[in-house]
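As structure tokens, the structure follows; a few thoughts come after it.
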Amino acid sequence: MHRKSDRLIATDTSSISRRGFLLSAGLLGTAAWLSPGDLFGQETDVVAMIRADAAKSEIKVQPLRRNISALIGSGGNVAVLTGADGKLLIDAGIAVSRPRISAALTGISAKPIRHLINTHWHFDHTGGNDWLHAAGASITAHANTRKHLSVATRVEGWKTTFPAAPGGALPTTVFMTSCAMHVNDESIALQRYEPAHTDADISVRFEAADVLHVGDTWWNGLYPFIDYSTGGSIDGTIRAAEANVAAAGPATIVVPGHGPVGDRAGLIEFRDMLVAIRERVAALKKRGMSLEESVAAKPTASYDAKWGDFPMDGRKFTALVYAGV
Ligand SMILES: [Zn+2]
516 MHRKSDRLIA TDTSSISRRG FLLSAGLLGT AAWLSPGDLF GQETDVVAMI
566 RADAAKSEIK VQPLRRNISA LIGSGGNVAV LTGADGKLLI DAGIAVSRPR
616 ISAALTGISA KPIRHLINTH WHFDHTGGND WLHAAGASIT AHANTRKHLS
666 VATRVEGWKT TFPAAPGGAL PTTVFMTSCA MHVNDESIAL QRYEPAHTDA
716 DISVRFEAAD VLHVGDTWWN GLYPFIDYST GGSIDGTIRA AEANVAAAGP
766 ATIVVPGHGP VGDRAGLIEF RDMLVAIRER VAALKKRGMS LEESVAAKPT
816 ASYDAKWGDF PMDGRKFTAL VYAGV
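Sequential numbering from 516 applies to the sequence shown in the working numbering.
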């Protein structure tokens, strides 16, 4: 047991130093992370770490196409459409990023903030809802986003219970399957996924610009977190990845929830990675291997160098997949 702990320390230290994140000692003591409900160890508060990182992060503005830009650096990637009708945002970032997101928005144009769309309910995509609503934005989302934000909601994979959001942070317009908006000479198509990363995921397509925001159904270059507590699953995540490949054309600019802006080829690579790891983990489980034995077999090994950075290394992703096969 002691030797195993030493090995965990070595692995964690090398992955931390790549990105500069400081993980607390919680990961290092025991194999507590092996429980699917305890992926990040007993004392590691990954939500607090993500918030602390966002508090320090600069917001990078990346022009995409026509009057659409991405804001990168506050949790989930934000997309901004600007024009005579005012600004429309997809996702709100983390609350602590408000001063830097405000400055970035002002740098794009002087137009007022009129609309906000949430791709799902997670804090790193809705944390700015309250202040953006106060600044003038209506908020549109899947009905389950409003449902989860309205009450205290537990995410076991993060070991965190999020309190009910204030009234101003709740979506003002919700839908179940699809929704269309017409803003700044753009037709904007909102489409739900079957439960994937959560049960509240939607994609948002700017038709004329051919820009597609897929929220956390795509983590470009990172293993995805899957929130089983609010309806996510590995198989739903794979189905959403298939839907994204089908929805993207050769010139489509695709904005992931996390990682750099990409394209259809990147969606295919992500889908193929998910399918391969799911098959490997399912085969181990079918042979009767426990979670700990499956993790020790390193079914993600050939993918870890590319996809295994913070917050999801190969062991944690293996545990997430194991829980769903
Ligand atoms: Zn998410």
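Glycine included, every Cβ here is placed at the ideal spot set by N, Cα and C.
Cutoff 6 angstroms; reference residue i; Cβ partners in own chain excluding five residues on either side
i: Gly-829; result: Thr-815, Asp-819 and Gly-823
i: Ile-783; result: Val-760
i: Ala-546; result: Residue confidence for Ala-546 is low, a pLDDT of 34 falling below 50, so the modelled location carries little weight and cannot support an answer.
i: Val-719; result: Ile-605, Ile-632, Leu-705 and His-728
i: Gly-736; result: Gly-774
i: Arg-615; result: Ile-574
i: Asn-659; result: Asp-714 and Ala-715
i: Gly-730; result: Thr-634, His-635, Asp-716 and Gly-772
Range of the contiguous beta strand (DSSP E) that encloses residue i
i: His-728; result: 726-728
i: Ser-805; result: Note, Ser-805: premise wrong, no beta strand (DSSP E); not H, not E.
i: His-697; result: 693-698
i: Phe-690; result: 688-690
i: Ala-594; result: 593-596
i: Ala-704; result: 701-707
i: Thr-675; result: 675-677
i: Val-769; result: 768-770
i: Ile-605; result: 602-605
i: Val-840; result: Counting along the chain, Val-840 falls outside any beta strand (DSSP E), and DSSP gives it neither H nor E.
i: Leu-851; result: Outside the shown range of the chain, which is 516 to 840, sits residue 851, and nothing can be said about it.
i: Thr-668; result: 668-670
Near ligand 1: residue i beta-carbon under 7 angstroms from a heavy atom
i: Gly-772; result: yes
i: His-494; result: Look at the range of the chain in this structure, 516 to 840, and you will see that residue 494 is not part of it.
i: Asp-731; result: yes
i: His-635; result: yes
i: His-640; result: yes
Residue i - containing alpha helix (DSSP H), residue span
i: Lys-662; result: 658-665
i: His-648; result: 644-649
i: Ala-820; result: 816-822
i: Leu-620; result: 613-623
i: Ala-834; result: 829-837
i: Phe-638; result: 638-641
Same chain, Cβ closer than 8 angstroms to residue i, five either side skipped, listed in chain order
i: Pro-710; result: Asp-716, Gly-746, Gly-747, Ser-748 and Gly-751
i: Tyr-708; result: Asp-716, Ile-717, Ser-718, Thr-732, Gly-751, Arg-754, Ala-755 and Ala-758
i: His-697; result: Ile-703
i: Ser-665; result: Ala-679, Ala-680 and Leu-685
i: Leu-647; result: Leu-604, Ala-607, Ile-628, Leu-631 and Ile-654
i: Ile-792; result: Pro-814, Thr-815, Tyr-818, Phe-832, Thr-833 and Val-836
i: Gly-651; result: Gly-601, Pro-627, Ile-628 and Arg-629
Chain-order list of residues whose beta-carbon lies under 7 angstroms from that of residue i (same chain, five-residue window excluded)
i: Asn-582; result: Leu-596, Thr-597, Gly-598 and Asn-699
i: Met-788; result: Tyr-818 and Trp-822
i: Gln-577; result: Ser-584, Ala-585, Ile-587 and Val-776
i: Asp-600; result: Arg-629, Val-698 and Asn-699
i: Arg-661; result: Leu-685, Pro-686 and Val-689
i: Val-611; result: Arg-566, Ala-569 and Ala-570
i: Asp-639; result: Ile-565, Gly-590, Gly-591 and Ile-609
i: Arg-795; result: Pro-814
i: Leu-799; result: Ser-809, Ala-812 and Pro-814
Fill in: 4-residue-minimum alpha helix (DSSP H) runs that sit fully inside the region 562-589, ordered along the chain
Within the region 562-589, no complete alpha helix (DSSP H) segment of 4 residues or longer occurs.
Worksheet entry | Contained alpha helix (DSSP H) runs [length at least 4] in the region 721-760, N- to C-terminal order | Segments of the alpha helix (DSSP H) lying fully in the region 721-760: there are none.
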